[in-house]
Amino acid sequence: MSGGFAFNADNAAKAKALLAKYPEGRRPSAVMGLLDLAQRQVGWVSQEVIEAVAEMTGLAPIRVQEVATFYTMYNLSAVGHHHVQICTNICCLLTGSDGVAETAKRALGIEFGETTPDGRFTLSEVECLGACVNAPMMQIGDDYYEDLTPESAKAIFETLKTGGTPKPGPQSGRQFSAPAGGPTTLKTLGGEAG
Amino acid sequence: MPKLSIDGRDIEVEAGTTILQAAERLGIEIPRFCYHERLAISGNCRMCLVEVEKMPKPVASCAQPVGDGMVVRTNTPAIRKARQGVMEFLLVNHPLDCPVCDQGGECDLQDQAVAYGADRGRCREPRRQVHDHDYGPLIATTMTRCIHCTRCVRFLNEIAGVPELGAVGRGEHMEVGTYLGRAIGSELSGNLIDLCPVGALTNKPAAFTYRSWELKKTESADVMDALGSRIRIDTRGNQVVRILPVADDAVNEEWLSDRSRFACDGLTRQRLDRCYVRRDGKLTPASWHEAVMAVANALRGAPGGRVAAIAGDQADAESMVALKDLMAGLNSPNMDCRGDGAKLEAGVRASYLFNSTIAGINQADAVLIVGSNPRKEAPVLNARLRARWLTGQMKAAVIGPKTDLTFGHDWLGDTAEILSSVAEGKHPFLEVLKAAKRPMLILGQGALARDDGAAVLSLARKLADAAGLIKPDWNGFNVLHTAAGRVGGLDLGFVPGKGGRDVAGIVDGAARNEIDVLFLLGADEIDMAGLGHAFVVYLGSHGDAGAHRADVVLPAPAYTEKSGTWVSTEGRVRRSRLAAFPPGEAKPEWMAIKALSDAMNRALPYATLAEVRQRMVAVNPIFAAVDEIRPAAWGAFGMLGAVSDKPFESTIADFHRVDPISRASETMAACSKAFGPKCGCHSKKTVTHD
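Just so you know, the sequences run in chain order W and E.
Every position in the first sequence, counted from 1, becomes a number in this note's numbering once 3 is added.
Every position in the second sequence, counted from 1, becomes a number in this note's numbering once 20 is added.
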């Protein structure tokens, strides 16, 4: 039943390794990994992908479809090269995700759920991605961009548009989720032991 | 064993029992939607909440195993409130269309809403909108009514073995549906309608034609296959509206095949409602007297050897015993009930029965299926084979058509030669059968209804001995019949007498004008074109092939319109009951035969149904034991001979169109068109099922 989808050589090897993780008769356990791998290859989970994964895992296609439709991180329609997912849940909302979203819409010229005509960007509104301490935030591809302001968000989009790679993580300069003004304890970490 | 108390009453049950099951044993009913005793537990409807002491929250009793010392309360104010909450959520998106819903009156949600529903909803948001699906010609869907119990999903996965339904989406957006909106290609799909606790899946052919409380319910027996399933015939006025299964753990559990369930519209079409006599080459209406006299005239002067009778696949035992006695009176040995030409012998009862019994499948640990596709020939039995296979304790192999049987099996080949090599021990599967404690051989009609059928039968017997299928408390030799009337016919000895002709011989004789008068007792599956100049008398219910060829047509009731006796493939005597009156002037076949015998001054010695049944018991005492199984003694049978290399095939080509009733049914015609060669049962796929 595998229609138009097949893993490329690299991914075929990865898929084989994934399936090998599970004992004989437990191939269905690899379904989520395989769907993710396929999504990385073609950008989204298509009917062809579902059928190919069903064949590889020995599941009925409907079982694979159930998994693919349950988890929101599987894209059920084609997305652009850069999938921009902006969190608008409570923490991000309180810290200004409205401005970030507005900036993104203006910079990319599209609304939520749309893809730019050149197919480079897709803009999505998503629920909490679990980086509340660095709100507001967005995810582009596999990277989190945090502590955003409309200005820093705009800079990220400009960089991406010119083909560059913006620095992921907090855009405010702080280290990960350390206090915004710099460390308040263990200040000498890495120096001589106190 | 854990002891617990439920509502102040103590009970001791086996470990692993759930609270709900324990409560049921005490007669305490706990409301439920998703739980069904024959399906896996899913625990997602939350209607069965109960209070257990020392547990902080109400627990779902269907999914909670009992523990020693548990104190359970099923009917406290807190529990009632919890269930009311569940009910309120279920009704948030459930439309208030009970007055136009076919499930109305027999709906679990409706019933339980009376107990736990509020008199008004508090939800002011619009109801969820979902699209209906096309599940094929049998199941109508109204998906807004769905409460996501997933019984249908579990049934297709577990029982039917056709994983086509699933729950797509998540949370509020979850919907039950098929992959890409396909129709459901299962021979057991009608059971989804029974399982659905609400009106999401309803009977499509009978849509909007009945309210459940208007129907008269008659318990009867099914004759659309040879299993002898227990059914309930629902009629309104004189019309059969629907046919439902009745639970019988020994035979059909709670299931029924689609043909048995949905062919009932064929009972109103193509019916013979009066006698016909052929005059100047044309069938013209006639009275009973004219028709009977026409037959009597044809018989007058015909020597016994030139008279013959063939009983069809759905003939009841009453008519067969009467016809047999008539033939004896006419000194004719030419009669046969094996319309498909199966080379079965009437002598040894064990040679044509499903000796292990259908329930015996639950103990089988190795099964070899020869010349049969049980999925098409007996879907309910196939579901039992699958259930047994799912336990992992049964190995299966097939010599016959290569199909997807919904359970994993080794396909050994499709010729008699493979069977022979297994019997001789040249094939490793013999060792599997030998090692098994409860081995089974299932011999289908596809292996017997052929020229070398007798040799195949004797090969099967040889295999039975070689593999040790016959043990003191177990007989693993099984013949799977496809015709409801066959075992009854063999039990009555409706087979050629000394020097008599069998079906092939009769047809051949008629073609060569050696048969003057031929009785067809509902027999439509023979070659009607080649009957020569024989005077054909057709007794049957439908204007099928036989009636078209006939010279005299005597109208008869269908199985829903008479009290008849059939013997199932496992040898269980089943009685049907009159649920509707036969159309027009139709009367039971045995009465027509009796009238004929009177007209010829050779009156048969019975005038009432009770007397006919006494005669049946006199011919074979088995007919006295209704609904029982009497083990049959093992004996010598079969005839050694050469076997051909023609592959075994199932005798049923199109599952939906097998007998005069299903051929007359529009529903079955629509199914045949919708599923036809695409149906899963035609699939060549033999993948393992997970």
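Where a beta carbon is used, it is the ideal one built from N, C-alpha and C, also for glycine.
(request) Could you tell me whether any Cβ in chain E is nearer than 7 Å to the Cβ of W/GLU51? (result) As a first step, residue 51 of chain W is located in the first sequence; it is residue number 48 there, counting from the start. Chain E, which has no Cβ nearer than 7 Å to the Cβ of W/GLU51, makes this no.
(message) So, does the stretch 186 to 193 of chain E touch the stretch 255 to 262 of chain E, judging by three or more C-beta pairs under 8 Å?
(response) The stretch 186 to 193 of chain E vs the stretch 255 to 262 of chain E: no contact.
(message) So with CB distances below 7 Å, who are the chain E contacts of W/GLN68?
(response) Counting from one through the first sequence, the residue named residue 68 of chain W turns up at place 65. Within chain E, the C-beta atoms nearer than 7 Å to that of W/GLN68 come from GLY186, VAL188 and TYR199, in chain order.
(request) Mark E/TRP233 as exposed unless 16 or more other C-beta atoms lie within 10 angstroms of its C-beta, in which case mark it buried. (result) Position 213 of the second sequence, counting from 1, holds the residue named residue 233 of chain E. E/TRP233 is exposed by the Cβ-count criterion.
(message) Which runs of the beta strand (DSSP E) at least 3 residues long sit entirely within the stretch 200 to 283 of chain E? Give them in chain order.
(response) As far as the stretch 200 to 283 of chain E is concerned, its whole beta strand (DSSP E) runs of at least 3 residues are 221 to 223, 236 to 241, 250 to 256 and 259 to 265.
(message) Distance cutoff 7 Å, beta carbons only. Does W/THR60 sit that close to anything in chain E?
(response) If you number the first sequence from 1, residue 60 of chain W lands on position 57. Taking CB atoms only, W/THR60 has no neighbour in chain E less than 7 Å away.
(message) Between E/PRO183 and chain W, is the shortest Cβ-Cβ distance under 7 Å, so that the two count as touching?
(response) Reading the second sequence from its first residue, position 163 is the one you call residue 183 of chain E. Closer than 7 Å to some Cβ of chain W, the Cβ of E/PRO183 qualifies, so yes.
(message) Do E/ALA329 and E/MET340 count as a contact pair if the criterion is CB distance below 7 Å?
(response) By 1-based counting over the second sequence, the position of residue 340 of chain E is 320. By 1-based counting over the second sequence, the position of residue 329 of chain E is 309. Not a contact, by the Cβ cut-off of 7 Å.
(message) Which same chain residues end up closer than 8 Å to W/VAL45 when comparing Cβ atoms and leaving out the 5 residues on each side of it in sequence?
(response) For the purposes of this step, residue 45 of chain W is taken as residue 42 along the first sequence, with counting starting at 1. Correct list, in chain order: PHE8 and VAL52.
(request) Tell me, please, whether the CB atom of W/THR72 is closer than 7 Å to any CB atom in chain E? (result) The residue you call residue 72 of chain W lines up with position 69 of the first sequence. For W/THR72, the nearest beta carbon of chain E is closer than 7 Å to its own beta carbon.
(message) Less than 7 Å between CB atoms is the rule here; does W/ALA63 satisfy it with respect to chain E?
(response) For the purposes of this step, residue 63 of chain W is identified with residue 60 of the first sequence, where counting begins at 1. Answer yes: the Cβ-Cβ gap between W/ALA63 and chain E drops below 7 Å somewhere.
(message) Considering just the uninterrupted stretch of the alpha helix (DSSP H) at W/TYR147, what are its terminal residues?
(response) In the first sequence, counting from the first residue as 1, residue 147 of chain W sits at position 144. Element bounds for W/TYR147: not the alpha helix (DSSP H) but the beta strand (DSSP E), 146 to 149.
(request) Assign E/GLU273 to buried or exposed, taking buried as 16 or more other Cβ atoms, counted over all protein chains shown, within 10 Å of its Cβ. (result) Within the second sequence, the letter at position 253 stands for residue 273 of chain E. Residue environment: E/GLU273 is assigned as buried (16 or more neighbouring CB atoms within 10 Å of its CB, all protein chains considered).
(message) Is it the case that the stretch 49 to 57 of chain E contacts the stretch 74 to 90 of chain E, given that we only count it when at least three CB pairs across the two stretches are under 8 Å?
(response) Touching, per the Cβ criterion.
(request) Please work out which residues of its chain come closer than 6 Å, Cβ to Cβ, to E/CYS691, disregarding the five sequence neighbours upstream and downstream, and give them in chain order. (result) Locating residue 691 of chain E in the second sequence gives position 671, where the first residue counts as 1. Excluding sequence neighbours, E/CYS691 sits near PRO157 and HIS676.
(request) Report all residues from its chain with a CB closer than 6 Å to the CB of E/ARG250; omit the five preceding and five following residues, and keep chain order. (result) Working through the second sequence from its first residue, we reach residue 250 of chain E at position 230. Excluding positions up to five away in sequence, the list reads VAL266 and ASP268.
(request) List in chain order: all unbroken alpha helix (DSSP H) runs of 4+ residues lying wholly within the stretch 376 to 404 of chain E. (result) Fully enclosed alpha helix (DSSP H) runs of 4 or longer: 394 to 397.
(request) Indicate the three-state DSSP secondary structure (helix, strand or coil) for E/GLU71 in the structure shown. (result) Taking the second sequence and counting its residues from 1, one reaches residue 71 of chain E at position 51. Reduced to three states, the DSSP call for E/GLU71 is strand.
(message) Do E/ALA386 and E/LYS363 have their beta-carbon atoms positioned less than 7 Å apart in this structure?
(response) If you number the second sequence from 1, residue 363 of chain E lands on position 343. If you number the second sequence from 1, residue 386 of chain E lands on position 366. Between E/LYS363 and E/ALA386, the C-beta gap is not smaller than 7 Å, which leaves the two residues out of contact.
(request) Please list, in chain order, all residues of the same chain as E/LEU489 whose beta carbon is under 8 Å from its beta carbon, the five residues on each side excluded. (result) The residue you call residue 489 of chain E lines up with position 469 of the second sequence. For E/LEU489, the CB contacts under 8 Å within the same chain, skipping 5 residues up- and downstream, are LEU453, PRO459, MET460, LEU461, LEU483, ASN495, GLY496 and PHE497 in chain order.
(message) So E/PHE712 and E/LEU510 are supposed to be a Cβ contact under 8 Å. How far apart are they, rounded?
(response) Residue 712 of chain E lies beyond the stretch modelled for chain E, which goes from 21 to 710, so this question has no answer here.
(request) Identify, in the order they occur along the chain, each residue of the same chain with its Cβ nearer than 7 Å to the Cβ of E/ALA60, setting aside the five sequence neighbours on each side. (result) One-based indexing of the second sequence puts residue 60 of chain E at position 40. Cβ neighbours of E/ALA60 beyond the five flanking positions: ARG174 and GLU178.
(message) For E/TRP610 and E/ASP647, I'd like the C-alpha separation in whole angstroms.
(response) Position 590 of the second sequence, counted from the first residue, corresponds to residue 610 of chain E. Position 627 of the second sequence, counted from the first residue, corresponds to residue 647 of chain E. Rounded to whole angstroms, the separation of the alpha carbons of E/ASP647 and E/TRP610 is 22 Å.
(message) Can you give me the C-alpha to C-alpha distance between E/GLN221 and E/LYS518, rounded to a whole angstrom?
(response) Here residue 221 of chain E corresponds to residue number 201 of the second sequence, with the count starting at 1. Here residue 518 of chain E corresponds to residue number 498 of the second sequence, with the count starting at 1. Note on residue identity: the sequence assigns Leu, not Gln, to residue 221 of chain E. The C-alpha of E/LEU221 lies about 55 Å from the C-alpha of E/LYS518.
(request) Determine the DSSP secondary structure at E/ARG165, reduced to helix, strand or coil. (result) Sequence index remark: in the second sequence, residue 165 of chain E carries index 145 (1-based). Residue state for E/ARG165 is assigned as helix, using DSSP reduced to three classes.
(message) Closest to E/CYS65 by C-alpha separation, out of E/ALA160, E/GLY124, E/TYR155 and E/ILE167, would be which residue?
(response) Your numbering for residue 65 of chain E matches position 45 in the second sequence. Out of E/ALA160, E/GLY124, E/TYR155 and E/ILE167, E/ILE167 has the C-alpha closest to the C-alpha of E/CYS65.
(message) Here's the rule: buried if 16 or more other CB atoms are within 10 angstroms of the residue's CB, otherwise exposed. What is E/LYS545?
(response) Indexing the second sequence from 1 puts residue 545 of chain E at position 525. Note on identity: in this sequence residue 545 of chain E is Glu, with Lys being the wrong assignment. Answer is buried; the Cβ neighbour count reaches 16.
(message) Please report the distance separating the alpha-carbon of E/ALA436 from that of E/ARG481.
(response) Sequence index remark: in the second sequence, residue 436 of chain E carries index 416 (1-based). Sequence index remark: in the second sequence, residue 481 of chain E carries index 461 (1-based). Taking the straight line joining both Cα atoms gives about 13 Å.
(message) Cutting at 6 Å between CB atoms, please list the residues of its own chain near E/THR426, excluding the five before and the five after it.
(response) In the second sequence, residue 426 of chain E corresponds to position 406, counting from 1. The answer, listed in chain order, is GLY181 and ARG406.
(request) Use the C-beta contact count for E/THR377: other C-beta atoms within 10 angstroms, 16 or more gives buried, fewer gives exposed. (result) Your numbering for residue 377 of chain E matches position 357 in the second sequence. Around the CB of E/THR377, 16 or more other CB atoms lie within 10 Å, so the residue is classed as buried.
(request) Provide the residue(s) that pair with W/PRO173 in DSSP beta bridges, ordered along the chain. (result) To locate residue 173 of chain W, count along the first sequence from 1; it is residue 170. According to DSSP, W/PRO173 bridges with W/GLU149.
(request) Would you kindly check if the distance between the Cβ of E/VAL315 and the Cβ of E/VAL632 is under 7 Å? (result) On the second sequence, position 612 is the one that residue 632 of chain E refers to. On the second sequence, position 295 is the one that residue 315 of chain E refers to. Against a cut-off of 7 Å, the Cβ pair of E/VAL315 and E/VAL632 comes out as no contact.
(request) Assign E/ALA83 to one of three DSSP states: helix, strand, or coil. (result) One-based indexing of the second sequence puts residue 83 of chain E at position 63. Coil, per DSSP.
(message) Are the CB atoms of E/LEU292 and E/GLY563 within a distance shorter than 7 Å?
(response) As a working mapping, residue 563 of chain E is identified with position 543 in the second sequence. As a working mapping, residue 292 of chain E is identified with position 272 in the second sequence. Yes.
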